[in-house]
Amino acid sequence: MKQLLDFLPLIIFFAVYKFADIYIASGALIVATSIQLIITYYLYRKVEKMLLVTFAMVTVFGTLTILLHDENFIKWKVTFIYILFAGILAGSQLMNRSVIKSMLGKEMVVPDLVWKRVTWYWAAFFLACAIGNIYVAFNLPLETWVNFKVFGLTALSLINTVLTIVYLFRYLPEEQKKDD
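If you count the sequence shown from 1, you need to add 2 to reach the numbering used here.
Written out as structure tokens, the structure reads:
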């Protein structure tokens with residue numbers, strides 16, 4: 003259920019874009035993210051900070067896109083979110099407090115050096131996604147950017163999640179591997 007909730011705004015954005023335009027799709031994204039926030043709170047009685055940050059950015063950049071009738075704002079939203087995530091991960095690692103370890107460290111016990119590598123890897127990945135988004139958003143047609151955002155960045159994130167799990171699994175103690 004949670005995975006469907008995570009992808010719902012993206013699916014709605016894409017569908018509305020295909021049947022309407024970027025401005026109506028931006029409005030639909032704001033509404034869908036609002037609904038996602040409400041449903042998440044209703045089901046789990048809490049909302050993750052990442053969802054709140056995403057909601058705020060979607061609302062600000064989506065509203066600017068609609069009010070100023072300028073598609074560039076919604077394109078920049080993606081870049082800013084990825085830069086923010088990269089910055090949070092890099093900053094947490096520089097303070098020796100890996101955000102990824104704090105999220106997954108209870109389920110997966112691996113050496114701190116492994117958490118450090120994974121954190122830096124994801125920070126670099128998010129930075130690369132931000133740079134890739136800038137290139138595609140401002141050098142290729144809008145249609146290409148929408149497809150890249152919806153399918154390309156989503157697929158890259160899923161692939162990197164699987165690669166991270168495989169990498170982490172290599173360092174799990176044998177008794178923890180048997181429990182999984």
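Ideal Cβ positions, reconstructed from N, Cα and C, are used throughout, including at glycine.
For Val111, three-class secondary structure by DSSP | coil
How long is the line joining the alpha carbons of Ser36 and Phe57, rounded to whole angstroms?
-> 7 Å
Return helix, strand or coil for Glu145, following the three-state DSSP convention.
-> helix
With DSSP run on the structure shown, which of helix, strand or coil describes Arg172?
-> helix
Quick one: measure Cβ to Cβ for Leu170 and Val101, integer angstroms, because I've assumed they're closer than 8 Å.
-> Incorrect: roughly 15 Å between the Cβ atoms, too far for contact.
Confirm, please, whether the CB-CB distance from Met59 to Ile83 is below 8 Å.
-> yes
State the DSSP-derived secondary structure class of Asn98, mapped to helix, strand or coil.
-> coil
Using the C-alpha atoms, what's the distance from Leu144 back to Ala22?
-> 13 Å
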